[in-house]
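Undergrad: Quick one: this structure, given as C-alpha cells, is what I'll be asking you about.
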Amino acid sequence: MRKWLALFMIVCFLFALVGCGDDAPPPAADDDENGDVVDEAELRVGMVTDAGTIDDKSFNQGTWEGVQMAARDFGLETRYLQPGGTTEADYITEIGNLVDAGFMFIVCPGFKFETAIYDVQDRYPDAKFVLIDGYPHAGDWDPVVKENVVSIFFTEHESGFLAGLATALQLGEGEVGFIGGMEIPPVQKFSWGFQQGVLYANENYDTNIVMQAENFIYEGTFENVAAGQQLAAAMFDKGVDAIFAAAGGVGIGAINEAKARAAAGEEVWIVGVDVDQYDEGIYETGKSIILTSAMKYIDVATYDMIQAELDGTFPGGEILTFNAGNYGIGIPRENPNLDPEVVELVDEAFKAMQDGTLVVSDEQGDLFR
Amino acid sequence: MEDLIYRLFPYAIAFTIPLLITSLGGLFSERSGVINIGLEGLMLMGMFVGAYTISQTEMHYPGTAVWIGLLAAMVFGAIFALLHAFACVTLNANQVISGIAINMIASAITVYLARFLTGSGNVQIIRGLSRYTIPYLSEIPVLGRLFFTQTYATTWFVLFILAASTFLLYKTRFGLRLRACGEHPHAADSAGVNVYLMRYAAVCISGACAGLGGATFIVTLSGEFNGTAAGLGFLALAALIFGQWKPWGILGATFFFGFASTIANVSQVVPELSQVPGIYLKTFPYVITLIALVLSSKSSQAPKAIGEPYDKGKR
Numbered sequence: 008m009r010k011w012l013a014l015f016m017i018v019c020f021l022f023a024l025v026g027c028g029d030d031a032p033p034p035a036a037d038d039d040e041n042g043d044v045v046d047e048a049e050l051r052v053g054m055v056t057d058a059g060t061i062d063d064k065s066f067n068q069g070t071w072e073g074v075q076m077a078a079r080d081f082g083l084e085t086r087y088l089q090p091g092g093t094t095e096a097d098y099i100t101e102i103g104n105l106v107d108a109g110f111m112f113i114v115c116p117g118f119k120f121e122t123a124i125y126d127v128q129d130r131y132p133d134a135k136f137v138l139i140d141g142y143p144h145a146g147d148w149d150p151v152v153k154e155n156v157v158s159i160f161f162t163e164h165e166s167g168f169l170a171g172l173a174t175a176l177q178l179g180e181g182e183v184g185f186i187g188g189m190e191i192p193p194v195q196k197f198s199w200g201f202q203q204g205v206l207y208a209n210e211n212y213d214t215n216i217v218m219q220a221e222n223f224i225y226e227g228t229f230e231n232v233a234a235g236q237q238l239a240a241a242m243f244d245k246g247v248d249a250i251f252a253a254a255g256g257v258g259i260g261a262i263n264e265a266k267a268r269a270a271a272g273e274e275v276w277i278v279g280v281d282v283d284q285y286d287e288g289i290y291e292t293g294k295s296i297i298l299t300s301a302m303k304y305i306d307v308a309t310y311d312m313i314q315a316e317l318d319g320t321f322p323g324g325e326i327l328t329f330n331a332g333n334y335g336i337g338i339p340r341e342n343p344n345l346d347p348e349v350v351e352l353v354d355e356a357f358k359a360m361q362d363g364t365l366v367v368s369d370e371q372g373d374l375f376r
Numbered sequence: 155m156e157d158l159i160y161r162l163f164p165y166a167i168a169f170t171i172p173l174l175i176t177s178l179g180g181l182f183s184e185r186s187g188v189i190n191i192g193l194e195g196l197m198l199m200g201m202f203v204g205a206y207t208i209s210q211t212e213m214h215y216p217g218t219a220v221w222i223g224l225l226a227a228m229v230f231g232a233i234f235a236l237l238h239a240f241a242c243v244t245l246n247a248n249q250v251i252s253g254i255a256i257n258m259i260a261s262a263i264t265v266y267l268a269r270f271l272t273g274s275g276n277v278q279i280i281r282g283l284s285r286y287t288i289p290y291l292s293e294i295p296v297l298g299r300l301f302f303t304q305t306y307a308t309t310w311f312v313l314f315i316l317a318a319s320t321f322l323l324y325k326t327r328f329g330l331r332l333r334a335c336g337e338h339p340h341a342a343d344s345a346g347v348n349v350y351l352m353r354y355a356a357v358c359i360s361g362a363c364a365g366l367g368g369a370t371f372i373v374t375l376s377g378e379f380n381g382t383a384a385g386l387g388f389l390a391l392a393a394l395i396f397g398q399w400k401p402w403g404i405l406g407a408t409f410f411f412g413f414a415s416t417i418a419n420v421s422q423v424v425p426e427l428s429q430v431p432g433i434y435l436k437t438f439p440y441v442i443t444l445i446a447l448v449l450s451s452k453s454s455q456a457p458k459a460i461g462e463p464y465d466k467g468k469r
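The listed protein sequences derive, respectively, from chains A and B.
With my numbering applied, the first sequence corresponds to residues 8 to 376, in that order.
With my numbering applied, the second sequence corresponds to residues 155 to 469, in that order.
Given below as C-alpha cells:
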C-alpha cells in the first residue's frame, strides 16, 4: 500500500516538474523546430542560473547564449532552471531536477556553484558538468575535479587591462572609477587589470588619467540596482568621467545614472562587463554611454564545451583557462564610441599579450583593492 | 561635512519619495482599520505595470510615457488592492494572512507576466525621469541647495499628494469617517457611515499609492523591473509604525530611512565615511527603528479597531 502511495507521489512530482519546466524559457521552445538539422539530438543541455535572471545582460545571459548557439548548430534540446535562492542546497536541487528530466550535460556559471558541483559530481557520475569561474571543492579550496567535470576560468585581468587601456586612450585626460559587485576573485581581477591598463596608457601613451583609491569600491551584492545608481551619481558628482562597472544588477543602476546624465548633456561613460553591454547604454539620441566592454567570451567557452562533448573530446577533469592566447577575452569587435586609432592600439596590446611580451598581473600588488 | 550633506541630500530625497508614498498608502488602509502588510506586493505590482507600460509606450510618446506609466501603476495598484479589500472586508478574512497572500501572488504573477509578455524576467525602460534644478528657488541660501536642486517632478507630485491627504484625512467629512471606521466602526455605523464602503475606498487608495510608489522607484532609481521590490514595501510599513500612523510622522520616518540608506549606499565613495564599516551603516536604520518601536510601544497611536473584521451584529 505504502509503496503504491510513494510511487503515486513520485509520478505526481515528476508531472509537476515537467509542467513547471515547460513554461519557463520561451527561447527553448524554438529549438524543437531545429531539432532535425543534425542527428546529435540525443544530448540534452541544461543550465542552472546563478544569482539574477537568465537575461541579466551579463553572466547568465552569456552562458545561455552559448548554449543556444550550440543548440541551433547541433539541434539540441535545452532548458534552464532558475534556483529559488543562491545556497548550495538550492543549486543541488535544480541540478537534480535537470538530471531527473534527462539533461545530462549541465552548465553552471558562477563560483557559487563550487561546493554544489563537488557534491553532484559523485552523486550523478553519468552527467557532465561545466563549471564556469570556479573549481569543485569541499569548502576547503582544495580542488577535486572528477572526470565528468570541467572547470573554466577566464583571465579577467587581461580583459580589464584592455578595457582600461581603451578607456584611458579614448579619454586622454580625466578621472576613472570602478564599481564592483561582491569582492570575489573574478571581480577583483577585473579591477586590478583595469588599473594596470590605465597606468600602462599613462606611461606609454602620454595620457593623463587620474585614479583615486576612494573611487575603487565593491558594492557587496550583484542585485542592489538603487545602490548602483547612487554610487555612480556620487562618483560622477566628484568629477569621475568613466566608471568600470563589474557588478551585475548594480552595474545596471550605474548605467541608468549615466544615461540620465548623458541625456542632460553631461559627458559621462560606463565601461561594461562580461558581455558587450553597448545596447544597454543607449539613450534617447540613439547614442550609448557604454564606452567599451571588458568581455569574457563565456558563450564561446560554453559552445566549445558542448561541441567537445559531441565530438567525444570532453576535457573532463581539467581546469581550463580562457585568455588572450585562445581568444577567450577581449573588448567587443565593434566599438562605436572608440576612435579607430584607439582600437588599433588596443589590438596591438592584445597581440602583445598573446605572444607574451605584455604580461598583466592577476595580483593586487600595490594597486587599489 | 556641510558639503557632503548638500551633495547627498538630493539623492536621499529621491530615495525617500517611493517609500513615503507607499507608506502613505499604508496609512489610509490602516487608519480605516485594515492592516496592510501587502504593501510590498502592491508596490511590486506598480513596478511591473509601470515598467511595462513605459517600455511599450515610450517609442510613441517619448515625453509623456513616464506619466502614463505612473498612472497605469496607480490604477492597477488600486485594482489589485481590491483583492485584499474583498478578502478582509467582505469575507472577514484574517488581514495579516490576506496581506501575505497579496505579497506572494504579486511576486509570482509579475514574474510570470514579465516572462509571458516580454520573454524575459526583466522589464527595462529606456528613459526614466531626469533630474532638474528649479530656477530662482534654488538660489535661496541653504534651503535652495538642499531642496530645489537635482529634484524629480515625482518628488513634488508625491509631496502634493501628502499635503492633500493630510487635508483629506483631517479636514473633510470623508477623512473623519475613514478614521472613525478605524477607531470604532460600530459607532461610525450607528452614525450612518457605511463601514464596508469606507474600508474598500481606503484599501483602494492604499493600492494606488503603493503602485505609484513602485513605479516612482522604477522611473527615478532603478530603471528596470527585475522581479523584486527589495523589501521597500516592508520598510514603508516600518516607517508607518515608526511615524505613528500620522502623515507628517511618516514623512519624517521615511526621510530618516531614505537618508540612512543613501548614506549606507554611497558611504564607500565618500572619504569621510569610508572608515566606518559598511555593515554598521547598513543596519543603522533598522536598529534605530527597533529601539524606537520598543520605546514607543507603550504609547502606540495605532488605530483602535485595526485588524478586526467589522461584524455588524457584534457588540
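Where is the CB? At the ideal position from N, CA and C, for every residue including glycine.
Anything in the stretch 210 to 228 of chain A with a Cβ closer than 7 Å to a Cβ of chain B? List those residues in chain order, please.
TA: E221, N222, I224 and G227
Undergrad: Report the residues of the stretch 171 to 197 of chain A with a CB closer than 7 Å to any CB of chain B, ordered along the chain.
TA: none
Undergrad: If you scan the stretch 178 to 218 of chain B from start to end, which runs of the alpha helix (DSSP H) of 4 or more residues do you find wholly inside it?
TA: 193 to 211
Undergrad: DSSP on R86/A, reduced to helix/strand/coil?
TA: strand
Undergrad: If you measure beta-carbon to beta-carbon, which residues of the stretch 280 to 297 of chain B are closer than 9 Å to chain A?
TA: I280, R281, G282, L283, S284, R285 and Y286
Undergrad: Name, in chain order, the residues that DSSP records as bridge partners for Y225/A.
TA: G187/A
Undergrad: Shorter than 8 Å from the beta carbon of I297/A to some beta carbon of chain B?
TA: no
Undergrad: Mind pulling the chain A residues with CB within less than 7 Å of E378/B?
TA: V232 and I259
Undergrad: Just the chain B side, please: which residues come within less than 8 Å of E291/A by C-beta, in chain order?
TA: P216, I280 and R281
Undergrad: When DSSP labels each residue in this structure, what does W148/A get in the three-state scheme?
TA: coil
Undergrad: Whose C-beta lies closer than 7 Å to the C-beta of A489/B among residues of the same chain, with five residues either side of it excluded?
TA: The structure shown does not extend to residue 489/B, since chain B is modelled only from 155 through 469, so no value can be given for it.
Undergrad: Got a sec, what are the start and stop residues for the beta strand (DSSP E) V278/A sits in?
TA: Segment W276 to D281, the beta strand (DSSP E) holding V278/A.
Undergrad: For a contact defined as C-beta to C-beta under 7 Å, what are the partners of G256/A on chain B?
TA: N380
Undergrad: Whole angstroms is fine: what's the gap from T214/A's alpha carbon to E180/A's?
TA: In a straight line, the C-alpha of T214/A is about 6 Å away from that of E180/A.
Undergrad: Let me see if you follow: with CB-CB separation under 8 Å, is S428/B close to chain A or not?
TA: yes
Undergrad: Cβ of N344/A less than 8 Å from any chain B Cβ?
TA: no
Undergrad: Can you name the residues of chain A whose CB is closer than 8 Å to the CB of P425/B?
TA: E221
Undergrad: Note down, in chain order, all residues in the stretch 234 to 247 of chain A with a beta-carbon under 8 Å from any beta-carbon belonging to chain B.
TA: A234, Q236, Q237, L238, A240, A241, M242, D244 and K245
Undergrad: Are there three or more Cβ pairs, one per stretch, closer than 8 Å when the stretch 227 to 240 of chain A is compared with the stretch 361 to 381 of chain B?
TA: yes
Undergrad: If contact is defined by three or more beta carbon pairs under 8 Å, each pair taking one atom from either stretch, is the stretch 71 to 83 of chain A in contact with the stretch 292 to 302 of chain A?
TA: The stretch 292 to 302 of chain A is not in contact with the stretch 71 to 83 of chain A.
Undergrad: For the alpha helix (DSSP H) containing M312/A, name the first residue and the last one.
TA: I305 to D318
Undergrad: Any Cβ of chain A within less than 8 Å of the Cβ of Q210/B?
TA: no
Undergrad: Skipping 5 residues on each side, what residues in its chain have a beta carbon closer than 7 Å to that of S360/B?
TA: G179, G180, F182, S183, N190 and A235
Undergrad: Should L224/B be flagged as near chain A, meaning a C-beta pair shorter than 8 Å?
TA: no
Undergrad: Who are the Cβ neighbours of A241/B in its own chain at under 6 Å, not counting the five residues just before and after it?
TA: A247 and S252
Undergrad: Leaving out five residues on either side along the sequence, give the residues of the same chain with a beta carbon under 8 Å from the beta carbon of R269/B.
TA: Here the set comprises G275.
Undergrad: Per DSSP, what kind of secondary structure is E156/B in: helix, strand or coil?
TA: helix
Undergrad: Determine contact between the stretch 202 to 213 of chain B and the stretch 317 to 326 of chain B, defined as no fewer than three beta-carbon pairs at a distance below 8 Å.
TA: no
Undergrad: Just the chain A side, please: which residues come within less than 7 Å of G432/B by C-beta, in chain order?
TA: G227
Undergrad: If the criterion is Cβ atoms closer than 8 Å, does the pair I460/B and G336/B meet it?
TA: yes
Undergrad: Against chain B, with Cβ distances strictly below 8 Å, would D62/A count as a contact?
TA: Closer than 8 Å to some Cβ of chain B, the Cβ of D62/A qualifies, so yes.
Undergrad: Just reading off the beta strand (DSSP E) that R340/A is part of, what are its end residues?
TA: Careful: R340/A lies outside any beta strand (DSSP E) and carries neither H nor E.
Undergrad: For V349/B, go through chain A and note every residue whose CB falls closer than 8 Å to its CB, in chain order.
TA: Those within 8 Å of V349/B in chain A number zero; the least Cβ separation is about 39 Å.
Undergrad: Here's a check: name, in chain order, each residue in its chain whose Cβ is nearer than 6 Å to the Cβ of E287/A, leaving out the five neighbours to either side.
TA: K64 and I262
Undergrad: For E370/A, name the three-state secondary structure that DSSP assigns.
TA: E370/A: coil per DSSP, three-state reduction.
Undergrad: Just the C-alpha distance for V152/A and V420/B, rounded to the nearest angstrom, thanks.
TA: 40 Å
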